[in-house]
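Residue numbers (our numbering): 72 to 228. The block underneath contains the structure these notes are about, expressed in structure tokens.
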């Protein structure tokens, strides 16, 4: 008897008219998350892993959409990943690492290009050295307090 009641209840709930605004909300979610919903397999799983990480530590997500090009930063407390909002941007990804541990391990930063102060001068697929010293760091739009090693990735064209 309980099963029949439960089935009847579920049928009644499924047949009920949508509450006001539900179709609009569902349409908004489908639009806002179209790129996410289109993913499957490993790509979906990787995105969900980042989502879980950010859900536990939302302060790691930093908004740099005011910069040109607009981007977001995943700041793990030293190492950072910058992701351009537009995957076809000249530089779609940039990895920034504090230089000190790498220099202490023997990296000769004089063999790296000095990072330009504007994003328009950056090239993809390039290693840079950001020396600090009051220079503007283009992925942040301001000076950083420590030297960094920067690896840029060319955007998908």
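For each residue, glycine too, the CB sits at the ideal point set by N, CA and C. Computed from a predicted structure; not experimentally measured.
Counted within 10 angstroms of its Cβ, other Cβ atoms place residue i as buried (16 or more) or exposed
i: residue 79; result: Caution applies to residue 79, whose pLDDT of 43 falls short of 50 and renders its modelled position unreliable; the model cannot decide the point.
i: residue 111; result: exposed
i: residue 142; result: buried
i: residue 219; result: buried
i: residue 186; result: buried
i: residue 104; result: exposed
i: residue 98; result: exposed
i: residue 162; result: buried
i: residue 132; result: exposed
i: residue 160; result: buried
Candidates the options: closest to residue i by CA position
i: residue 204; options: 131, 213, 125; result: 213
i: residue 152; options: 222, 194, 227; result: 222
i: residue 189; options: 162, 224, 155, 209; result: 209
i: residue 135; options: 148, 118, 154, 150; result: 154
i: residue 192; options: 179, 207, 180; result: 207
Cβ separation of residue i and residue j, assumed to be a contact under 8 Å, to the nearest whole Å
i: residue 21; j: residue 140; result: Past the edges of the chain, shown from 72 to 228, lies residue 21, and the structure says nothing about it.
>> Please give the ranges of any beta strand (DSSP E) in the region 189-219, keeping only runs that are unbroken, at least 3 residues long and fully inside the region.
In response: 198-201
> Which runs of the alpha helix (DSSP H) spanning at least 4 residues fall entirely within the region 151-179, listed in chain order?
Replying inline: 170-175
>> With a threshold of 8 Å, are at least 3 pairs of Cβ atoms found where one atom belongs to the region 189-200 and the other to the region 161-171?
In response: yes
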